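So the protein lines, in turn, are chains C and H.
Quick note on this note's numbering: the first sequence kicks off at 1414 and runs consecutively.
Quick note on this note's numbering: the second sequence kicks off at 125 and runs consecutively.
These notes concern the structure reproduced below.
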Amino acid sequence: MFKKVFRVEGGNFQKAGSVSKQIKKILKQLNLDGELIWRAMIIAYEAEINAVLYAHECQVSLEITAEKIYMRFKDKGPGIPDISLAMTEGYSTATRAMRERGFGAGLGLPNIRKTSDHFEITSTVGVGTTLDIDLFLN
Amino acid sequence: MKYLTHSSHSIMIDKELCTGCVVCTLACPVQAIRVRDGKAEVNKSELCIDCGECLRVCPEQAVKSMTLHAEDLTGYKVLVALPSPALYAQFGDLYTPNDILLALRKIGFHKVCDLALNCEMVLIAIGEYLRSHTAVRPMLSNFCPAVTRLILKNYPKLIDHIIPIETPREIAADQMRRKIMRERGIESGEIGVFHITPCPAKMISITDPVGVEKSNLDGAIAIRDLYVRLRKALKEIEDDWILQKSSGVGISWATGQASMRGLPSMTSLSVTGVGDVIQILDDVEAEHLGDVDYLELSICPGGCVGGPLVVQNKHVAASHIANLVEQYGVRSRVDPRKIERQLEQTYLLDQKKFLPQEPEPLDTDLTRALEKMAKIEEYRSLLPGRQCGACGAPSCEALAEDIVKGEAHLSDCIFERIKELEHALEGDRGGVESGDPE
Ligand SMILES: Nc1ncnc2c1ncn2[C@@H]1O[C@H](COP(=O)(O)OP(=O)(O)OP(=O)(O)O)[C@@H](O)[C@H]1O
Ligand code: SF4
Ligand SMILES: [Mg+2]
């Protein structure tokens, strides 16, 4: 098993995407299937961007075994008051400034769920949000 | 052997001049360079994209471009020059593109081609292609060989996005060659077609093209290597032939902004500089770039005028290009109907078959690869994280990787070495104290 932890800083647009890039590099070095790598990267990218946009900081744990890729995004932040609403395609609380940067279509979370083999989200208002994601190798 | 040659790359490092300073190692955007035994080498040759960044930053000028020199152009009956539009920006506002084309004749090229005009043809073809093929977006430009290599190596998923229209230089070379063969009744091999280039990457796209057997060109010569002779020739021009047929549209190819002018009905973005290109390709790969039809991508900052083999400062050059665009307008003389016909005959279509060139994985066996990856992490956590490059690797993480691959040692890290020395010294002192009861 391989394990690595990354940190995402909320509000740091300069660095946005760098964790998903590192994850992509690791998966490539492991010679995993291209389609799987791309799915993992899309998920990591969307989750990382959400952390940058909405959270104060986020801890990303990556675990890879012969069976699956597991990713956990655990952030400290405002949390999500209505999860099923947040999971609806097109729902977004992105500000105008965020939209001007090309975010805020309200597709990130639905996309993460669609792209993963197993997806769980938990959130506590005022504390933070956690995403647990599995991608199976076969 | 004086040179460490990398036959399939556009640069080589002169071992005698290299001081092993790690400036290139740290600058390389794909971490392909290592300093070993005090000398830099493109050690991870399979990662190199020929961007020329090392050549640009080397303080000792030890990184040499593999481009040709005037002496190399022997054995041809007819010499043809295809100058990058960036050449038009090298001599100030005093000389027109036409003067520069005449000067190329004066220094010995029998035929010169206003490549900027071929750029206009290609732009019309790109516009036509984008109109009739809407499934894949954004399409990516293919004229910068370093960008193409970057995509093949790091973004294989985006290969389908590379616009399948042949590059202006390849089209121009093919047309010139056929025309001269017809007119003079000579063989193809007797004609030497050369690109006058702002970058070493063009040379490698000729000697070692990707996706195709052979280039239509015979080589590339650096702008800076012809500069002095051209400057002199410019003062002595007597001819008044009109060789320039391009408008500002083709000329603005030099700053990587031709699509803005030549594809008015498309949403296109001009992105230049290796960092920005990588960033936008990341966005495209993550499907996070809004509605964009076409990305005009140049590895060099500011487009080809920012190439490592030019003479003029890139900002000054960009202002010259802007003046030329104003002077020659944005109405191309190329007949779009002719381009449509050529496209129908598949003439302008790029026949290249691109294959991914991904770097080797740690191991083809997943369990072993996972073990190695864990080892890399272990070494990385041992290393101090100063990212100083003194070990000869571009980062602590890269050294950790090299160690696991058996190419380096933990003691290559200068801080590890200091630790070892301190241990040894303590050991010595310990020995002295115990042996000396005073
Ligand atoms: N980590 C988080 N912390 C707090 N709120 C979040 C977090 N992630 C998502 N949200 C909330 O859920 C909403 C929907 O998120 P989602 O990623 O689906 O869309 P978006 O980020 O608004 O737009 P897009 O991802 O398409 O750019 C967000 O607008 C935000 O209100
Ligand atoms: S941007 Fe132009 S000058 Fe620079 S490497 Fe690419 S093709 Fe060469
Ligand atoms: Mg989002």
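Just so you know, even glycine gets a beta-carbon here, dropped at the ideal spot from N, CA and C.
Being a predicted model, the structure only gives us computed values, none of them experimental.
Asked: Proximal residues, the stretch 1463–1488 of chain C versus chain H, C-beta separation under 9 angstroms; Found: Ile1477, Thr1478 and Ala1479
Asked: Local conformation of Ser1474 (chain C) per DSSP, three classes; Found: strand
Asked: CB of Thr1543 (chain C) within 7 angstroms of CB of Ile1493 (chain C), strictly; Found: no
Asked: Rounded straight-line distance, which links the Cα of Met497 (chain H) to that of Tyr549 (chain H); Found: The sequence given here has Leu at residue 549 (chain H), not Tyr. Answer to the nearest angstrom: the Cα atoms are 34 angstroms apart.
Asked: C-alpha gap between Thr272 (chain H) and Glu544 (chain H), whole angstroms; Found: 45 angstroms
Asked: Helix, strand or coil at Tyr1483 (chain C) [DSSP, three-state]; Found: strand
Asked: Minimum Cβ-Cβ distance from Asp647 (chain H) to chain C less than 7 angstroms; Found: Absent from the structure is residue 647 (chain H), since the part of chain H shown begins at 125 and ends at 562.
Asked: Chain C within 7 angstroms of Gly343 (chain H), Cβ atoms only; Found: no
Asked: CA-to-CA distance, Asp1446 (chain C) to Gly399 (chain H), given in whole angstroms; Found: 27 angstroms
Asked: heavy atom of ligand 3 below 6 angstroms from Asn1524 (chain C) C-beta; Found: no
Asked: Listed by chain order, chain C residues near Glu170 (chain H) by CB distance under 7 angstroms; Found: What Glu170 (chain H) touches in chain C: nothing, since even the nearest Cβ is about 13 angstroms away.
Asked: Coarse secondary structure for Ile1455 (chain C), derived from DSSP in three states; Found: helix
Asked: Closer than 9 angstroms at the beta carbon, the chain C residues around Pro102 (chain H); Found: Chain H is shown from 125 up to 562; residue 102 (chain H) falls before or after that span and cannot be answered.
Asked: 4-residue-minimum alpha helix (DSSP H) runs that sit fully inside the stretch 316–368 of chain H, ordered along the chain; Found: 325–331 and 347–358
Asked: Chain C contact for Gly374 (chain H) (CB, 7 angstroms cutoff); Found: no
Asked: The stretch 130–144 of chain H contacting the stretch 183–195 of chain H, beta-carbon criterion three pairs below 8 angstroms; Found: yes
Asked: DSSP three-state assignment for Leu479 (chain H), whether helix, strand or coil; Found: coil
Asked: Boundaries of the alpha helix (DSSP H) in which His533 (chain H) is found, first to last residue; Found: Element bounds for His533 (chain H): n/a, residue is neither H nor E.
Asked: Minimum Cβ-Cβ distance from Gly1503 (chain C) to chain H less than 7 angstroms; Found: no
Asked: Exposure of Ile542 (chain H), with buried meaning 16 or more beta-carbon neighbours within 10 Å; Found: exposed
Asked: With 16 other Cβ atoms within 10 Å as the buried cut-off, status of Asp1495 (chain C); Found: exposed
Asked: Those residues, in chain order, that have a beta-carbon closer than 5 angstroms to some heavy atom of ligand 3; Found: C:Asn1463 and C:Gly1521
Asked: Under 8 angstroms by beta carbon: chain H residues contacting Lys1434 (chain C); Found: Asp406
Asked: Cβ pair Leu448 (chain H), Ile375 (chain H) closer than 7 angstroms; Found: yes
Asked: Minimum Cβ-Cβ distance from Thr258 (chain H) to chain C less than 7 angstroms; Found: no
Asked: N-terminal and C-terminal residue of the alpha helix (DSSP H) that Gly402 (chain H) is part of; Found: Here residue 402 (chain H) is Ile; the residue named in the question, Gly, does not match the sequence. That run of the alpha helix (DSSP H) goes Val398 to Glu409.
Asked: Start-to-end residues for the beta strand (DSSP E) that takes in Ile1534 (chain C); Found: His1531 to Thr1537
Asked: Bounding residues of the alpha helix (DSSP H) (the contiguous stretch that carries Glu290 (chain H)); Found: Here Glu290 (chain H) belongs to no alpha helix (DSSP H), and DSSP marks it neither H nor E.
Asked: Alpha carbon of Ile500 (chain H) to alpha carbon of Glu525 (chain H), nearest angstrom; Found: 5 angstroms
Asked: Nearest neighbour of Ala401 (chain H), chosen from H:Pro153, H:Asp138, H:Ile135 and H:Glu244 [CA to CA]; Found: Just to set this straight, residue 401 (chain H) is Val in the shown sequence, not Ala. The option with the nearest alpha carbon to Val401 (chain H) is H:Pro153.
Asked: Chain C within 7 angstroms of Leu150 (chain H), Cβ atoms only; Found: no
Asked: N- and C-terminal bounds of the alpha helix (DSSP H) containing Leu1520 (chain C); Found: Careful: Leu1520 (chain C) lies outside any alpha helix (DSSP H) and carries neither H nor E.
Asked: Nearest candidate by alpha-carbon position, reference Gln368 (chain H), set H:Asp238, H:Glu411 and H:Arg302; Found: H:Asp238
Asked: Minimum length 3: unbroken beta strand (DSSP E) runs contained in the stretch 201–248 of chain H; Found: 202–207
Asked: When H:Pro324, H:Ile275, H:Thr331 and H:Gln381 are compared against Cys175 (chain H), the one with the closest alpha-carbon; Found: H:Pro324
Asked: C-alpha gap between His130 (chain H) and Gly162 (chain H), whole angstroms; Found: For His130 (chain H), the predicted structure reports a pLDDT of 40, less than 50, and the residue's modelled location is therefore unreliable. A value from the coordinates is still provided. Cα to Cα, the separation comes out at about 18 angstroms.
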